[in-house]
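Numbering follows the numbering used here, with no gaps: position 43 of the sequence shown is 45.
In this text, a Cβ means the ideal position worked out from N, Cα and C, and glycines have one as well.
The structure appears below as structure tokens.
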Amino acid sequence: MGALWQDIRFGIRTLAKNPGFTAVAVLTLALGIGANAAIFSILDPLLLRKLPVHNPDELVLVHAAGTISSEDYSEPSAYFIYRDNNSVFSGVAATANHNEFPTTRYGQTTLSVTHGGQPATIDGRMVSGNYFTVLGVRPFRGRLLNESDGKSPSGDPVAVLSFDYWRSAFNSDGKAIGKIILIHDFPFTIVGVTPPDFFGVQVGSIPAIYLPFGTDPKTYDWVQIIGRLKPGVSLAQAQAGLEPVFKQVMAASSLPEIEKEQDMSRLSLVSAARGISELSAQYSLPGKILTIIVGLVLLIACSNVASLLFARGAARRKEITVRLALGAGRWRLVRQLLTESALLALTGAALGLFVASWASRLLIASLSTEHSPVQLAAGLSSRVLVFTAGVLVFTVLLIGLVPALAATRGGLAQHLKVQSSSPGSTARRSWLAQSPVVIQVALSVTVLAAAGLLLHSLYNLETADLGFDRDHVLTVSFACCRVVRTSGEANAIENEFVARAARLPSVRSASFSVYSQTNREMGINVAVEGDVGRPIEEQHVFFNVITFSYFETMGIPILMGRDFTEHDNGDAPLAAIINHTMARHYFGSSNPIGRRFKFVEGKWPPLEIIGVAADSVYNDLREHTPDFVYINLAQLWALKRGTNSAGIGGVLNVRANGNAKTLSGPVLEMIRSFDSAATINSVRTMREQVDISLHQDRLIAALCSTFSLLALALTCVGLYGTLSFSVARRTNEIGVRMALGASPRDIFRLVVGAGMRLTIAGLLAGAAGAIASGYFLASLLFGVKRADPVTFASVALLLLAAAILACYVPARRAMRVDPLVALRDE
């Protein structure tokens, strides 16, 4: 122990005597270790960490899948059937959305809560009464929900608060238990508080309030079912045991038979040990990519510091020789040098954790958007610290062991012989010291190629022809709160909205649609007259319901036939417009105008195709264009003639002569002047909607670009350090060359040539990594070849230019060597 403490003290004194070297090494390691710790602090709760509940490995998600889709959600009736008729689960719980409450992207319910006279909008979760019991969660204060909560319509409504909401809204007051809060103006009694680390089963969202849902399935649109396996029951056994129950679920389903085949033809059980979230699936591959990239950055940082330690080992040759002469053993010297490396790595890790703490908060903020906030229990947890400790050990071995062995190689006689600098030994040690630079360049090529491919893909997405005008269209999603008793009244009010919007200054045209242009995930099945034998999955189409001015407003051209007009009303035959993809799919090169089709679901009369619209993006910019149908809104209301209590809600689309954003104020003022109680869900230009869909691509491209530039900077520092050390060691040689007639330009070319040889060797070695990165990123790329020559050529030119800059200062220093001084020193 005394010897170790002696090594530590000696190492501290040695590093303190070389503050420049120490600062560069520590900062380099801090950036490499900090980047890895920051990424891990995000990916751990998002992809790796198991739920903070009792025995999370027993939890499974129960849902159905079909020939077209596989959703995490089920019909409400399915929960009660699984709960009451299974033999494989010790308990079945569910979360649900109330059909009268808005639901956010990650399944949370938006609640209007009044506490202390102050109203606020917060995120909540509707759960079954046995939700906490099945998960095995104990209350932090009071009690949690039980199966009697929500069963009786006359019972007192109760609510459970999350720990964070209890702390922020109630100042951690234990007397909050039993208090009354208003939720949508209804009184609820607070009965308990969840534990601090509990966030539910949906990763990426932390509800503030949990409410029990009742026993009437009609009040809910969907449920998400979680089962806890009985001890000893495997996932395969549970799948087999639930098949008979699944048949009951199928029989009780209200879906048409064709939709059952497409959406729920088979039972699917998925482990929920790490939670459930579309966010986890969305960032699974990007998370792996970032992990590899920051791992390569760490390797570059370690190679950088290793090259510095090689240089220091050569500079300390006399010190090592003296210590060997005084009786020190090789392994004693190796331990001393490793201790110095450990001090560098430990200091770098401490600074890196500070960097990671700041960067993790920035990363969480980057994951969130205005309309889709992400909440993760990230930060410097014990798991992050353990991960960092492992990275620290790896770093110490990587940066310290090989330089220490190289510096102490051979006995005393060997070291005395090396002092004379025999050409062979000098060349071997020079190559050993320069090899980390080649490794750094090779790794940088891989990282830069990945970033380049992602940036090229993002550029293609940004500039792609989406089939509509993204620069001049404003969309307002809203719901009218006026009392409307008939479908005719609803149609008249929607037409009034369109007419008033069209009369606003700077408005070119206006239209109304039930859905937004870029948010079309709902579909329906069609049967075209004369088309037989088509597979069931090919009968599925997407659709929107629009007014007659929609195509003009959105800038979507009509390729064949005509647009809807005011004459396409309830008295005219039902008309539809299809997109170009559907026209080719069903009719090939023949003319589809005048052909008819019908919807398989419902009792709609056949629709006549009156036009073919150009293809456009309907949901995902990477999507294969689906079959799409546009239905006339006026005719839809006519089909619902006689219906009572028709609601009004949808999207008002307005096309501006100039900047669409300037219409936000006038359009909102117009809506509120007509209905002051109207609920405004969103106000966005089409460009903003596209930007939201590109958020993940921009984030991943930005992160990869940042890390690639960091890798490039570290590589340049490594190349600069290696050449600077080489120039310092070859001062005498340079003086001799200049004395024999070499010009400063010759010396400049000599040094730059040495650096460029290292760079070119690294480029050749990194070519395989660059090609591999293209194959690994294939699913994220848009319009970019895996081995994109433009990207790879740009990476090579960037690296060569950076290498020349890194070589410039050492080369200039070599040019200024005075041959008389160099020869006198010799």
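Margin query: Going by beta-carbon coordinates alone, are Ile83 and Gln241 separated by less than 8 Å?
Written below: If you check the CB distance, Ile83 and Gln241 do not come in under 8 Å.
Next item on the list: Under 8 Å Cβ to Cβ from Trp639, same chain only, skipping five residues before and after it: list those, please.
Entry: So the list reads Ser489, Gly490, Ala492, Asn493, Gly572 and Ala648, once near-sequence residues are dropped.
Checklist line | Nearest candidate by alpha-carbon position, reference Ile228, set Leu701, Tyr133 and Ala178 | finding: Considering only alpha carbons, the answer is Tyr133.
Next item on the list: Tell me, please, whether the stretch 535-553 touches the stretch 683-703 by the rule of three or more beta-carbon pairs shorter than 8 Å.
Entry: The answer is no - the stretch 683-703 does not touch the stretch 535-553, with fewer than three Cβ pairs under 8 Å.
Check: When the distance is taken between beta carbons, is Asp617 closer than 8 Å to Asn581?
Finding: The answer is yes: Cβ separation under 8 Å.
Margin query: Please report the distance separating the alpha-carbon of Ala813 from that of Ala804.
Written below: Taking the straight line from one Cα to the other gives about 14 Å.
Next item on the list: Quickly, what does DSSP pair Met562 with across the bridge? List them, please.
Entry: For Met562, which the question treats as bridged, DSSP gives the partners Val614.
Note to self: Check for me: the alpha helix (DSSP H) holding Ala670 runs from which residue to which?
What the structure shows: The amino acid at residue 670 is misidentified as Ala; the sequence shows Leu. Its alpha helix (DSSP H) spans residues Ser666 to Phe676.
Checklist line | Alpha carbon of Leu53 to alpha carbon of Phe778, nearest angstrom | finding: Near 29 Å, if we compare the C-alpha coordinates of Phe778 and Leu53.
Check: Just how far apart, CA to CA, sit Leu802 and Gly768?
Finding: For the pair Leu802 and Gly768, the Cα-to-Cα distance works out to about 13 Å.
Notebook entry, point to check: Per DSSP, what kind of secondary structure is Ala816 in: helix, strand or coil?
Noted result: Helix.
Checklist line | Per-residue DSSP class, three states only, for Pro189 | finding: Reduced to three states, the DSSP call for Pro189 is strand.
Check: Alpha carbon to alpha carbon, how far is Glu496 from Val656?
Finding: Roughly 14 Å between the two C-alpha positions.
Next item on the list: Give me the Cβ distance between Phe215 and Ala98, rounded to the nearest whole Å; I'm assuming they're in contact under 8 Å.
Entry: Correct: roughly 5 Å between the Cβ atoms.
Next item on the list: Output the distance between the C-alpha atoms of Ala679 and Gln691, rounded to the nearest integer angstrom.
Entry: Using only the alpha carbons, I get a separation of about 25 Å.
Next item on the list: Under 6 Å Cβ to Cβ from Val530, same chain only, skipping five residues before and after it: list those, please.
Entry: For Val530, where only same-chain residues beyond five positions count, the Cβ hits under 6 Å are Tyr588 and Phe599.
Check: In whole angstroms, what is the alpha-carbon distance linking Glu735 and Leu725?
Finding: Using only the alpha carbons, I get a separation of about 14 Å.
Check: In whole angstroms, what separates the C-alpha of Leu163 from that of Thr664?
Finding: Their Cα atoms are separated by approximately 41 Å.
Notebook entry, point to check: Hey, Ile35 and Thr341: beta-carbon distance below 8 Å or not?
Noted result: It is not a contact, given that the beta carbons lie outside the stated cut-off.
Notebook entry, point to check: Taking three-plus beta-carbon pairs below 8 Å as touching, is the stretch 187-196 in contact with the stretch 142-153?
Noted result: Touching, per the Cβ criterion.
Next item on the list: Tell me, please, which residues DSSP counts as bridged to Lys249.
Entry: Bridge pairing for Lys249: absent [DSSP].
Check: Sorted by chain position, which residues of the same chain lie with C-beta nearer than 8 Å to Arg15's C-beta, five sequence neighbours on each side aside?
Finding: Around Arg15: no qualifying Cβ.
Next item on the list: Less than 8 Å between the CB atoms is what I'm expecting for Ala1 and Phe201, so what's the real figure, rounded?
Entry: The structure shown does not extend to residue 1, since the chain spans only 3 to 828, so no value can be given for it.
Check: What three-state label does DSSP hand Thr520 in the structure shown?
Finding: The three-state secondary structure of Thr520, taken from DSSP, is coil.
Note to self: Comparing C-alpha positions only, which one of Ser551, Val26, Tyr167 and His56 sits nearest to Arg140?
What the structure shows: Relative to the Cα of Arg140, the nearest Cα in the group Ser551, Val26, Tyr167 and His56 belongs to His56.
Check: Opposite Ala481 in the DSSP bridges: which residues?
Finding: Gly651 and Thr681, per the DSSP bridge assignment.
Check: With Ile208 and Gln377 assumed to form a contact (beta carbons below 8 Å), what rounded beta-carbon distance in angstroms separates them?
Finding: That belief holds up - the Cβ atoms of Ile208 and Gln377 are roughly 4 Å apart, short of 8 Å.
Checklist line | Contacting residues, own chain, Cβ-Cβ under 6 Å from Arg385 (five flanking each side not counted) | finding: Short of 6 Å from the beta carbon of Arg385, and not among the five residues preceding or following it, lie these beta carbons of its own chain, in chain order: Asp46.
Checklist line | In DSSP terms, what Ser114 is bridged to | finding: Ser114 pairs with Thr123.
Check: In whole angstroms, what separates the C-alpha of Gly244 from that of Val90?
Finding: Residue identity check: residue 244 is Leu in the sequence provided, not Gly. Whole-angstrom Cα-Cα distance: 7 Å.
Next item on the list: Assuming Ser343 contacts Ile401 (C-beta within less than 8 Å), just tell me the rounded distance between them.
Entry: The beta carbons of Ser343 and Ile401 sit about 5 Å from each other, so the pair counts as a contact at 8 Å.
Next item on the list: For Tyr84, write down the residues that DSSP places opposite it in a beta bridge.
Entry: DSSP, once it has assigned bridges, lists no residue as partnering Tyr84.
Item checked: Local conformation of Arg11 per DSSP, three classes -> Helix, per DSSP.
Notebook entry, point to check: Do Leu6 and Ser282 come within 8 Å of each other at the CB atom, strictly closer than that value?
Noted result: No. Outside cutoff.
Margin query: Rounded to whole angstroms, what is the Cα-Cα separation between Tyr75 and Leu348?
Written below: Between Tyr75 and Leu348, the C-alpha separation is close to 48 Å.
Item checked: Buried or exposed by the 16-neighbour rule on C-beta atoms within 10 Å, applied to Trp168 -> Result: buried.
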